[in-house]
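Sequential numbering from 1 applies to the sequence shown in the working numbering.
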Amino acid sequence: MKLGILTAPFETTPLMEVAKWAADVDMGVLEVACWPASGGEARRYAGTSHIDCNGLSEGQAQEITGGLAELGVSISGLGYYPNPLHADAAHREEVLTHLKHVITAAATLSVPVVNTFIGGDKSLNVDENWKRAQQIFSPIVGHAEDAGVKLCFENCPMIFSYDEWPGGHNIAHSPKIWRRIFEEWGDAVGMNFDPSHLVWQFIDQARFIKEFGPRMAHVHAKDVMIDRDGLYENGTMSVGMGWQVPRMPGLGDVDWPGFFSGLYRAGYDGPVIIEHEDKVFEKDDDAVKRGFVLAREVLSPYIK
Numbered sequence: 001m002k003l004g005i006l007t008a009p010f011e012t013t014p015l016m017e018v019a020k021w022a023a024d025v026d027m028g029v030l031e032v033a034c035w036p037a038s039g040g041e042a043r044r045y046a047g048t049s050h051i052d053c054n055g056l057s058e059g060q061a062q063e064i065t066g067g068l069a070e071l072g073v074s075i076s077g078l079g080y081y082p083n084p085l086h087a088d089a090a091h092r093e094e095v096l097t098h099l100k101h102v103i104t105a106a107a108t109l110s111v112p113v114v115n116t117f118i119g120g121d122k123s124l125n126v127d128e129n130w131k132r133a134q135q136i137f138s139p140i141v142g143h144a145e146d147a148g149v150k151l152c153f154e155n156c157p158m159i160f161s162y163d164e165w166p167g168g169h170n171i172a173h174s175p176k177i178w179r180r181i182f183e184e185w186g187d188a189v190g191m192n193f194d195p196s197h198l199v200w201q202f203i204d205q206a207r208f209i210k211e212f213g214p215r216m217a218h219v220h221a222k223d224v225m226i227d228r229d230g231l232y233e234n235g236t237m238s239v240g241m242g243w244q245v246p247r248m249p250g251l252g253d254v255d256w257p258g259f260f261s262g263l264y265r266a267g268y269d270g271p272v273i274i275e276h277e278d279k280v281f282e283k284d285d286d287a288v289k290r291g292f293v294l295a296r297e298v299l300s301p302y303i304k
């Protein structure tokens, strides 16, 4: 295993500067945020473009990979997390076009994984969303296969605010849907696993890793704290709003020894990428870096 970071919090810092800092603090693997260079989504933790994937040339790719190699840094995957099942067809086409660019860029960079969401239309039920996903993603999965890239979906429900309520913006959050995904596309796709999303859904982590561990091609390390007062006030029908609080690893309710035990037993030996969404450590870049280093101290004893 190797420990690294998702570059998304460093919106205005060039990739090589992020990479140098990461290498200096012994986290030499990056999941590189790759939203469109022309402008990202207007939401938190989205929009960072550390590599312009639209038309990336072989020469540009060699310059990037060569510069990272000089720093002793590698890329675990490219990350682009839009909503491909958005209600608006024009928006769907826009994000799917860029997702194809990211997949093509990953192949040019010799990066094995592209991480994304399946997405979801909050006004449709899960089965209706799934039918749309089957139609939309089959050609995308084929494009990734042809490029020699593993397309990985994250298990985040994407429901943090009322504009995402009640159905969320990503249906790939439950074992039921994950079985459908792998029945539909098999080994052509993988899971980008984030344990924090199991906690507030009350999904058994050990059982989930036992079932889907062999399908995990990329892993995020993010914690979440259940605010018991918020849960009492809002109840479970609020679907996490008001009581799920993202934290740095070690500051929430994820069972980290169980997490690593399950991954090792499942044979996972890939990157473990720290995802930073902790508001306590967001005041400025120094605070963001402090959060990452804190997480490193919690997780590094398990990385062998």
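C-beta: ideal position from N, C-alpha, C; glycine also.
Three-way DSSP call (helix, strand, coil) for residue i in this model
i	result
N192	strand
L99	helix
R44	coil
T359	Given that the chain is displayed from residue 1 to residue 304, the structure contains no residue 359 and the question cannot be resolved.
V114	strand
A172	coil
I159	coil
T12	coil
Y268	coil
L251	coil
D121	coil
G59	helix
W178	helix
I203	coil
W130	helix
K304	coil
H143	helix
K279	helix
H197	helix
W165	coil
G306	Residue 306 is absent from the model: the chain starts at 1 and stops at 304.
G66	helix
L71	helix
A87	coil
D285	helix
N234	helix
G186	helix
P82	coil
G291	helix
Cβ-heavy atom distance, residue i to the ligand COA, below 7 Å
i	result
I75	Ligands are entirely absent from the displayed structure, and the ligand COA is therefore not among its contents.
Residue i versus residue j: straight-line alpha-carbon distance, rounded
i	j	result
H50	F117	19 Å
K122	G28	38 Å
A89	W130	16 Å
T13	L151	27 Å
R215	D187	8 Å
D163	L124	14 Å
A105	L56	6 Å
V245	A61	37 Å
L263	G213	6 Å
V288	P166	31 Å
P112	G77	6 Å
G242	D229	9 Å
H91	R207	36 Å
R179	R296	32 Å
A8	A33	5 Å
N170	L231	22 Å
A147	I140	11 Å
V126	Y302	36 Å
Nearest candidate by alpha-carbon position, reference residue i, set the options
i	options	result
L71	G119, E94, L15 and P36	L15
E275	R44, T97 and G39	R44
E11	T48, V272, L263 and G291	T48
I136	S238, P246, A147 and G120	G120
F193	M225, P271 and A106	P271
F292	G250, V254 and W256	G250
C156	F260, P195 and I75	P195
S161	G258, W200 and G240	G240
H173	V199, V280 and K279	V199
V102	D52, A266 and L231	D52
H220	A147, G235, F182 and F259	F259
E277	E128, E145, V25 and M248	M248
M1	E63, A217 and W178	A217
K100	G142, D127 and V73	G142
E17	D269, V73, I159 and N54	V73
P36	V25, P82, S300 and E63	P82
In DSSP terms, what residue i is bridged to
i	result
G4	V29 and I273
E154	N192
S49	C34
A221	I274
M216	M191
Q244	I226
G77	E31
For residue j and residue i, believed in contact at Cβ under 8 Å, the rounded distance
i	j	result
V95	V149	Actually they are not in contact, since the Cβ atoms of V95 and V149 sit about 17 Å apart, beyond 8 Å.
L85	I75	L85 to I75, Cβ: 27 Å. No contact.
E31	I273	5 Å
G4	A19	Their Cβ separation, rounded to whole angstroms, is 10 Å, which puts G4 and A19 out of contact at 8 Å.
I177	A266	With 8 Å as the limit, I177 and A266 do not qualify as a contact, their Cβ atoms being about 20 Å apart.
L6	G59	Contact doesn't hold; Cβ gap of about 26 Å is too wide.
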